[in-house]
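Below, the structure is given as structure tokens:
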């Protein structure tokens, strides 16, 4: 019962203090709001980038063509060497016959053309289809495979996709830096808000210490105050995320620019993103107030 | 039985000033003790050592079985709950009523509301302010404000009441009014009272135990003493 009573008292004191220092509270809340809107955009963007990078990664394959004169032992050796490359996730092997059958199934034109060759004359080659763990390293993996004996040609999705993945990953990094900088500014503002509250209540704090209030009893109202500021600051960003993403998704019909970039379905994504925004808001408020309490509340 | 035992205590402040030299004394439970001496004699430091506002540089300060010198900052509240403290400047919260000021002490330690009500009204009755519960401190005389502060100090039934110049801001009539309240508390509640003062008249009139300090040294510890220069 006693902890609940103390918590109730702390919350009451914290709310009172937010109202008493309204203008400064408002400044902190606004700063948190702006930060969290950018954080929300960063979250939405980075989740989507991750989503479609994963989709692309799933499709990205290195195709390894084996020399025609390679024997079965040679193929086995190539397989062993591919297996040993750390970035290789999995691979499948197709003989030229299987490749031919697959191609014939894919189109009528291929079927008639390929039928003109006997199995011995076939221009097709035995292939390994290799999937990689890290798409960013696909190029070096492809080069490694190419250097293996009896491998004639190596192909992978060079070009557009490669560049896009790189561009998005650098955008992600820049966003992180901006978010971190903004979070720091916000924490600083909250520290100052709480510092003012502490100095406004220094007499009260002194008396609390004299009559035997425990340290946590003295600190708790200030920490809760920071959390309240964070919570209030996350209201607008949550609305922004929810309705903003819904509108965005509707406007682009679920795809950005091309069918390649598929957006994440709004539900339950917007709820998860909102929750993350609220948690970040409360955490930022708590960290700010906790550091102010540590600095200015000499206990 | 001794409530307070002070052994070989020395207090040197960071600026190099030594406020107390090799102090040894014991104070019995239920006694009323004046601590007298001129400015810089170490009266206030002595009181501060007892409620662990200051730590002794050397020696032991034992209050109610608790070794105050060894008490960690985090645990100081355990000591403070066992004692009440009254200052010259009352230290009341101006925005709270008399009742709320006294109740504040109990709220801070998480006491239940109904128990708070009973204890606060009893404490205010003991200091003779039951008819002023809804007044604000600014509307009270100095003596009355000090009595509110005393009520706040005794509301949690402490074994020990420390007073640092409680009559320093009061005229003689009001001072006597406050002293009467303190004497009553000492008698009816059995609370041990230690009061630092330089008010000769009060000390001579009350005929209580007197600890005389001079330049940080204990000069005299007398039963039923007077203020002798």
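Residue numbers (this note's numbering), protein chains in the order written: chain E, 1249 to 1547; chain Z, 1101 to 1329. By construction, the Cβ of each residue, glycine as well, lies at the ideal position given by its N, Cα and C atoms. Given the structure is predicted, the values throughout are model-derived calculations rather than measurements.
What does the Cβ neighbour count give for residue i, buried or exposed, with the cut at 16 atoms within 10 Å?
{"i": "residue 1267 (chain E)", "result": "exposed"}
{"i": "residue 1244 (chain Z)", "result": "buried"}
{"i": "residue 1283 (chain E)", "result": "buried"}
{"i": "residue 1231 (chain Z)", "result": "exposed"}
{"i": "residue 1369 (chain E)", "result": "exposed"}
{"i": "residue 1374 (chain E)", "result": "buried"}
{"i": "residue 1211 (chain Z)", "result": "buried"}
{"i": "residue 1270 (chain E)", "result": "exposed"}
{"i": "residue 1360 (chain E)", "result": "exposed"}
{"i": "residue 1276 (chain E)", "result": "buried"}
{"i": "residue 1523 (chain E)", "result": "exposed"}
{"i": "residue 1538 (chain E)", "result": "buried"}
{"i": "residue 1485 (chain E)", "result": "buried"}
{"i": "residue 1517 (chain E)", "result": "buried"}
{"i": "residue 1296 (chain E)", "result": "buried"}
{"i": "residue 1478 (chain E)", "result": "buried"}
{"i": "residue 1513 (chain E)", "result": "exposed"}
{"i": "residue 1138 (chain Z)", "result": "exposed"}
{"i": "residue 1303 (chain E)", "result": "exposed"}
{"i": "residue 1525 (chain E)", "result": "buried"}
{"i": "residue 1226 (chain Z)", "result": "buried"}
{"i": "residue 1308 (chain Z)", "result": "buried"}
{"i": "residue 1355 (chain E)", "result": "exposed"}
{"i": "residue 1300 (chain E)", "result": "buried"}
{"i": "residue 1258 (chain E)", "result": "buried"}
{"i": "residue 1113 (chain Z)", "result": "exposed"}
{"i": "residue 1154 (chain Z)", "result": "buried"}
Tell me which residue opens and which closes the beta strand (DSSP E) that residue i is part of.
{"i": "residue 1127 (chain Z)", "result": "1118-1128"}
{"i": "residue 1231 (chain Z)", "result": "First-last for residue 1231 (chain Z): undefined, no H or E at that position."}
{"i": "residue 1295 (chain Z)", "result": "1292-1297"}
{"i": "residue 1110 (chain Z)", "result": "1102-1112"}
{"i": "residue 1310 (chain E)", "result": "1310-1314"}
{"i": "residue 1400 (chain E)", "result": "1399-1403"}
Could you name the residues of the same chain whose beta carbon sits closer than 8 angstroms to that of residue i, not counting the 5 residues immediately before and after it, in chain order?
{"i": "residue 1453 (chain E)", "result": "1446, 1466 and 1545"}
{"i": "residue 1333 (chain E)", "result": "1389, 1392 and 1393"}
{"i": "residue 1197 (chain Z)", "result": "1233, 1234, 1235 and 1236"}
{"i": "residue 1167 (chain Z)", "result": "1160 and 1161"}
When DSSP builds the beta bridges, which residues end up paired with residue i?
{"i": "residue 1317 (chain Z)", "result": "Z:1314"}
{"i": "residue 1473 (chain E)", "result": "Per DSSP, none; premise fails for residue 1473 (chain E)."}
{"i": "residue 1380 (chain E)", "result": "E:1336"}
{"i": "residue 1430 (chain E)", "result": "Answer is none; residue 1430 (chain E) lacks a bridge partner."}
{"i": "residue 1416 (chain E)", "result": "None; residue 1416 (chain E) has no bridge partner."}
{"i": "residue 1509 (chain E)", "result": "E:1504"}
{"i": "residue 1375 (chain E)", "result": "E:1313 and E:1342"}
{"i": "residue 1133 (chain Z)", "result": "Z:1294 and Z:1309"}
{"i": "residue 1322 (chain Z)", "result": "Z:1310"}
Ordered along the chain, which non-local residues of its own chain (more than five positions away) have a Cβ less than 6 angstroms from that of residue i?
{"i": "residue 1263 (chain Z)", "result": "1186 and 1295"}
{"i": "residue 1320 (chain Z)", "result": "1312"}
{"i": "residue 1423 (chain E)", "result": "1290"}
{"i": "residue 1105 (chain Z)", "result": "1126 and 1162"}
{"i": "residue 1540 (chain E)", "result": "1439, 1442 and 1443"}
{"i": "residue 1476 (chain E)", "result": "1262 and 1266"}
In the DSSP assignment, find the alpha helix (DSSP H) that holds residue i and state where it starts and stops.
{"i": "residue 1543 (chain E)", "result": "1514-1544"}
{"i": "residue 1459 (chain E)", "result": "Segment: none, residue 1459 (chain E) is in no alpha helix (DSSP H) and carries neither H nor E."}
{"i": "residue 1449 (chain E)", "result": "No alpha helix (DSSP H) holds residue 1449 (chain E); DSSP gives it neither H nor E."}
{"i": "residue 1256 (chain E)", "result": "1250-1268"}
{"i": "residue 1393 (chain E)", "result": "1386-1394"}
{"i": "residue 1363 (chain E)", "result": "1356-1363"}
Suppose the cutoff is 7 angstroms on Cβ atoms and the five residues either side in sequence are ignored; what does the same chain contact list for residue i look like?
{"i": "residue 1300 (chain Z)", "result": "1327"}
{"i": "residue 1130 (chain Z)", "result": "1290 and 1292"}
{"i": "residue 1382 (chain E)", "result": "1335"}
{"i": "residue 1343 (chain E)", "result": "1374"}
{"i": "residue 1202 (chain Z)", "result": "1220, 1223, 1224, 1248, 1251, 1252 and 1255"}
{"i": "residue 1473 (chain E)", "result": "1262, 1265, 1266, 1442, 1445 and 1537"}
{"i": "residue 1535 (chain E)", "result": "1435"}
{"i": "residue 1398 (chain E)", "result": "1314, 1315, 1318, 1322 and 1326"}
{"i": "residue 1302 (chain Z)", "result": "1267, 1275 and 1279"}
{"i": "residue 1292 (chain E)", "result": "1489, 1493 and 1521"}
At 4 residues or longer, what runs of the alpha helix (DSSP H) sit wholly inside the segment 1151-1225 of chain Z? Within the segment 1151-1225 of chain Z, complete alpha helix (DSSP H) segments of at least 4 residues are found at 1176-1180 and 1198-1207, given in chain order.
Practice item. Mind listing, in chain order, the continuous alpha helix (DSSP H) runs of no fewer than 4 residues lying wholly within the segment 1239-1271 of chain Z? Key: Considered as a whole, the segment 1239-1271 of chain Z harbours 1242-1254 as its complete alpha helix (DSSP H) runs of no fewer than 4 residues, in chain order.
**Q.** Interfacial residues, the segment 1147-1167 of chain Z to chain C, with Cβ spacing under 8 angstroms
**A.** The question asks about chain C, but that chain is absent: this structure's protein chains are E and Z.
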